[in-house]
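Heads up: the sequence shown runs through residues 1 to 323, numbered per full-length UniProt numbering. One structure below.
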Amino acid sequence: MTSDSQQNTKGLLLALTTAIMWGLLPLALGSVLQLMDSYTITWYRFLFAAVLVGIGLKNKNQIPALFSKDKRWLKPLAIAAVFLSLNYILYLSSLYFVPAETAQMLIQMAPLMMLLGSVIFLKEAFSRGQMVGSVVLVIGLVLFFNQQFSNSSTLDRDDFIMGFVIMLGASVTWAIYAIMQKQMLKRFTANQIMWVIYVFSSLFFLPVSSPAQVSSFDWIAILLLVFCCANTLIAYGSFAKSLEFWPASKVSAVLAITPLLTVFFATIAQQFFPQFISAQELNTLAYIGAMLVVAGSVLTALGNKILSKQNIAKLKVCLTLKK
């Protein structure tokens with residue numbers, strides 16, 4: 001196997017690991033939410049991440065000096081921490097109202113929000129490919145939720161609206177956090193930023209959490225909670241590593257299949273654990289919408305290459321020759 005082939009294989013496997021972790025996460029969270037409140041789950045996840053990332057930074061002597069003479073970074077760090085904390089709690093709260101598959105589709109609004117925020121606040125370019133991808137993504141979401149609009153869904157409309165509003169908030173808060181992190185990478189590494197956020201957020205949620213709830217868990221529930229805690233580190237670790245072997249555009253394109261993986265995992269899990277997980281009943285239009293959501297996400301990530309002037313010119317030539 002050539003060096004390039006090895007690089008591509010590693011990049012693909014790591015990106016798939018991230019997609020699988022994120023695809024499974026809402027299913028695990030939905031099960032744990034039946035036994036533990038959202039604040040306590042979030043506190044455990046942040047504490048777990050803060051301890052392990054902190055150990056890694058300590059071993060590398062990379063604990064950030066936050067209170068040095070240059071304190072201008074404290075404010076954006078605090079803002080990023082607040083908004084990521086809000087994102088975690090809003091995402092979890094939405095699972096009280098909508099199934100995991102619906103939640104995973106709705107959270108696809110987050111990268112779109114970040115893209116729009118980058119264009120408005122960071123003055124980044126908004127390419128033709130990204131514009132087409134955004135339109136396809138919105139159309140896909142509308143089709144995926146067609147049953148909610150036609151009253152043919154088993155999901156209560158009021159629950160859907162509440163879940164949609166909460167997830168819209170989760171998408172906005174994640175986009176704000178991501179834009180803030182983008183700016184702070186000029187001063188800190190990604191792990192340093194995340195460690196500060198994890199520590200701040202674990203302290204933030206401690207007063208409203210009830211850690212003792214875990215004492216009533218059986219071994220399956222404990223394993224699910226540990227998986228939820230480890231998921232962020234595994235997913236983000238694989239994501240960061242995949243960028244060493246693959247371009248960000250290719251990684252993003254692979255991650256676009258995450259909503260489909262959640263639909264797939266929910267269908268499989270229901271066969272084995274019907275008492276814990278109930279897969280959402282989807283019609284043909286919803287499946288087409290799910291495909292369009294993925295296609296829109298891929299176009300947003302790779303649109304510059306797929307819809308480049310050169311490729312469009314080649315397509316026109318091919319169509320002309322066929323005539």
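Backbone N, C-alpha and C fix where the C-beta goes; we use that ideal spot for every residue, glycine too.
Would you check if the distance between the CB atom of Val82 and the CB atom of Asn191 is smaller than 7 Å?
no
How is the alpha helix (DSSP H) around Val165 delimited, first residue to last?
-> Arg157 to Met184
Boundaries of the alpha helix (DSSP H) in which Lys58 is found, first to last residue
Ser38 to Asn59
Report task. Please report the residue range of the alpha helix (DSSP H) in which Thr102 lies. Result -> Ala100 to Leu106
Margin query: Closest to Phe46 by C-alpha separation, out of Ile20, Ala78 and Ser85, would be which residue?
Written below: Ser85
Exercise. Does the pairing of the stretch 182-191 with the stretch 5-22 give three or more beta-carbon distances under 8 Å?
Worked result: no
Can you give me the Cβ contacts of Asp159 inside the same chain, cut-off strictly under 6 Å, excluding the 5 residues immediately before and after it? Phe97
Ile107 and Ala170 look like a contact to me (Cβ under 8 Å); what is the Cβ gap, rounded to whole Å?
The Cβ separation is near 7 Å, so the contact holds.
Do Trp195 and Leu14 have their beta-carbon atoms positioned less than 7 Å apart in this structure? Contact: no.
Exposure label - Val32; buried when at least 16 CB within 10 Å: buried
Which of the three DSSP states is assigned to Arg128 in this structure? Looking at Arg128 - three-state DSSP - the assignment turns out to be helix.
> Which same chain residues, not among the five before or five after Ile288, have their C-beta less than 7 Å away from its C-beta?
Replying inline: Excluding residues within five positions, the ones whose Cβ falls inside 7 Å are Leu143.
On a Cα-Cα basis, can you pick out the residue from Phe200, Ala175 and Ser278 that is closest to Lys75? Phe200
* **Residue-level contact to chain D via CB, Ile179, 7 Å cutoff** => Among the chains of the structure shown, chain D does not appear; only one protein chain is present.
Q: To the nearest angstrom, report how far apart Val293 and Leu77 are at their CA atoms.
A: 32 Å
Three-state secondary structure assigned by DSSP to Thr189:
coil
Count the other CB atoms within 10 Å of the CB of Thr9; is the residue buried (16 or more) or exposed (fewer)?
-> exposed
Are there three or more Cβ pairs, one per stretch, closer than 8 Å when the stretch 107-123 is compared with the stretch 196-216?
-> no
(Q) Check for me: the alpha helix (DSSP H) holding Pro76 runs from which residue to which? (A) Leu74 to Ser94
message = Here's the rule: buried if 16 or more other CB atoms are within 10 angstroms of the residue's CB, otherwise exposed. What is Ser215?
response = exposed
Quick one: using the 10 Å Cβ neighbour count with 16 as the cut-off for buried, is Gln181 buried or exposed?
The residue is buried, with at least 16 neighbouring Cβ atoms inside 10 Å.
- prompt: Is it the case that the Cβ atoms of Tyr91 and Thr42 are separated by a distance below 7 Å?
  reply: no
field: Backbone secondary structure at Glu244 - three-state DSSP
entry: helix
Margin query: Assuming Ile120 is part of the alpha helix (DSSP H), what are its boundary residues?
Written below: Met109 to Phe121
Checklist line | Rounded separation between Pro48 and Val226 - CA only | finding: Correcting the residue identity first, residue 48 is Phe in this sequence and not Pro. Distance between the alpha carbons of Phe48 and Val226: 9 Å.
For Leu141 and Asp262, the rounded distance between their alpha carbons: A small fix is needed here, since residue 262 is Thr in this sequence, not Asp. Near 15 Å, if we compare the C-alpha coordinates of Leu141 and Thr262.
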